[in-house]
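Under the numbering used here, residues 152 to 571 are what the sequence shown spells out, in order.
Just so you know, even glycine gets a beta-carbon here, dropped at the ideal spot from N, CA and C.
In what follows, a structure is listed as structure tokens, so that the remarks can point back to it.
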Amino acid sequence: MVNIMDKILNIIKKFIPKPIFIFFQPAYHRVLVLCGALLYGFSSRSLKVVGVTGTSGKTTVVEFLRAIFSSAGFKTASLSSLDFSIGSQKEPNLLKMTMPGRFQIQKFLRRAKKSGAEYVFLEVTSEGIKQRRHKFIKFYAAIFTNLSKEHLEAHGGFENYRKAKGELFKAAPIHILNGDDPNFNFFSKFPASKRIIYKKSDFPPDLDLKLKGEFYKINAVSALAFARLEGVPYEIAKSALEDIKILPGRMEFIDTGKNFKVLIDYAFLPQTLEKVYTYLTENCSPTENSSPNRLVCIFGAAGGGRDKWKRPELGKIAEKYCREIILTNEDPYDENPLSILKEIESGFSQSYKLQATSYKIILDRREAVREALKNAEAGDTVVITGKGAEPWIIGPNNTKIPWDDREVVREELEKLMQID
152 MVNIMDKILN IIKKFIPKPI FIFFQPAYHR VLVLCGALLY GFSSRSLKVV GVTGTSGKTT
212 VVEFLRAIFS SAGFKTASLS SLDFSIGSQK EPNLLKMTMP GRFQIQKFLR RAKKSGAEYV
272 FLEVTSEGIK QRRHKFIKFY AAIFTNLSKE HLEAHGGFEN YRKAKGELFK AAPIHILNGD
332 DPNFNFFSKF PASKRIIYKK SDFPPDLDLK LKGEFYKINA VSALAFARLE GVPYEIAKSA
392 LEDIKILPGR MEFIDTGKNF KVLIDYAFLP QTLEKVYTYL TENCSPTENS SPNRLVCIFG
452 AAGGGRDKWK RPELGKIAEK YCREIILTNE DPYDENPLSI LKEIESGFSQ SYKLQATSYK
512 IILDRREAVR EALKNAEAGD TVVITGKGAE PWIIGPNNTK IPWDDREVVR EELEKLMQID
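Now the structure itself:
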């Protein structure tokens, strides 16, 4: 049924002039979301649906919550940019969409209900809210992670972006808020039956997170805050978090079998990229006789008009932390890939540009990975960011090229070993 509806909608979009479609878009989204809820029987009414929103950290918090509540003996389901999870069954999220369309999400809730799930943890995005995908979902609680500049073109500025996030807190009675975030006051003004405020300083000193990166601590605190509210014993929550060794595509080190390291991360915003680079600079010690903090950085930026403001900012941050940079294709959509990389390059200082060996532009992402691995030296850390565990590279007209940074790294390492 979902596939049939998608085909019908694509046909409608094709034949209706764009200005007319834009005019009727709000009504179009309202009708779709109501149809999805009706078709799947308003399944969220019998579930405790917890929405997690913010600029970054959503996936991590959802994964933390699922682990904690499953360990506590609850039947759970979760939907994130990584996967669709119901109980012990997982399906990778291949939609290239963090918060799926109305029919997919309502179908997922129906499946969760049929499985006997008690708690459902969902990533809730501003774009999803803008298209009313959150409507007719009965939210039990909303968790706010953090907020910074993102999707500014799509929303027409930061204030509209923030207002979109705020819609989730109008829909949920229980609010879990990051008290350290500069936008805390905005979110704290929404009426709530219960409001829990958490801060990074609340991180338990006896909690031994295996995940790499200081930023995971605030995510853990948010999940612990909700777990405590729901009566989950701390020792169970602590054990569940300590059992998480890795989140696919998030600060994921790939075993190279060599004297250099490779890290894959999803970071695609300036603030998240800087956190990754800062962690690696402070924690990846160089080997004997190697240059200190030698980061070889591979990244690009999404096209389709997405957050063009960030492109030179990414360049500035990379120049600050990376000894070598390779700019490469990411998800160009309908934009010229080279033009995107030139916009990143515009963030480099003039003196940096004059260092001929400092950076390269290699459009082919596999070739860029191959180049970095081939030239990596003892003590280097090759850092590949922007896609994490995403399964596609998106090109013109939404064409999808199968892709996985982690698998490409493994394949290219295997080729290098054969040469050696």
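A check of alpha carbon separations from Phe259 across Ile280, Ser229, Lys281 identifies Ser229 as the nearest. Residues Ser222, Ala223 of the same chain have their beta carbon placed closer than 6 Å to that of Ile387, with the five preceding and five following residues left out of the count. Val203 has Glu274, Ile294 as its beta-bridge partners, per DSSP. In the assembly as shown, Asp234 is a buried residue. Its beta-carbon has 16 or more other beta-carbons within 10 Å. DSSP places Leu567 in the uninterrupted alpha helix (DSSP H) bounded by 556-570. No residue range can be given for Glu541, since it is assigned to no alpha helix (DSSP H) and is classified by DSSP as neither H nor E. In the same chain as Arg445, and ignoring 5 residues on each side of it, the C-beta atoms closer than 6 Å to its own belong to Arg474, Gly530, Asp531, in chain order. Partner residues in the beta bridge of Leu414, as assigned by DSSP, are Phe404, Val534. Taking each of Phe220, Leu328, Lys316, Gly192 in turn and checking the Cα distance to Lys264, the smallest one comes out for Gly192. Here Thr211 is buried: its Cβ has 16 or more other Cβ atoms, across all protein chains shown, within 10 Å. Rounded to whole angstroms, the gap between the alpha carbons of Phe341 and Ser277 is 17 Å. Annotation for Ala519: the continuous alpha helix (DSSP H) segment containing it runs 516-526. Here Met568 is exposed, its C-beta having fewer than 16 other C-beta atoms within 10 Å.
Secondary structure note for Ile495: its alpha helix (DSSP H) is the uninterrupted segment 488-496. For the pair Val560 and Val520, the Cα-to-Cα distance works out to about 7 Å.
In this chain, the alpha helix (DSSP H) harbouring Leu216 covers 209-222. In the DSSP annotation of this structure, Arg196 is not part of any alpha helix (DSSP H), being labelled neither H nor E.
Relative to the Cα of Gly466, the nearest Cα in the group Ile449, Asp482, Gly455 belongs to Ile449. In the DSSP assignment, Leu465 falls within the unbroken alpha helix (DSSP H) covering 461-472.
Taken through DSSP and simplified to helix, strand or coil, Ala322 comes out as helix. One Cα belongs to Lys247, the other to Arg379, and the distance between them is close to 33 Å. Counting the other CB atoms within 10 Å of its CB gives Thr296 a total of 16 or more, which places it among the buried residues. If you draw a 10 Å sphere on the C-beta of Val534, you find 16 or more other C-beta atoms in it, and that means buried. Pairing Gln282 with Lys351, the inter-Cα distance amounts to about 32 Å.
The beta carbon of Lys286 sits closer than 6 Å to those of Val184, all from its chain and outside the five residues before and after it, given in chain order. Excluding five sequence positions before and after Leu424, the CB atoms of its chain that fall closer than 8 Å to its own CB belong to Ala418, Phe450, Leu465, Ile468, Ala469, Thr536, given in chain order. Arg262 and Gly382 have their C-alpha atoms roughly 26 Å apart. Taking a cut-off of 8 Å on C-beta distances, the segment 302-309 does not touch the segment 326-337, as fewer than three cross pairs fall below it. Two segments are said to touch when three or more pairs of C-beta atoms, one from each, lie closer than 8 Å; by this definition the segment 391-411 touches the segment 199-215.
Each residue's CA atom was taken as its position, placing Ser194 and Pro384 some 29 Å apart. Cα atoms of Asn434 and Gln422: separation of roughly 18 Å, rounded to the nearest angstrom.
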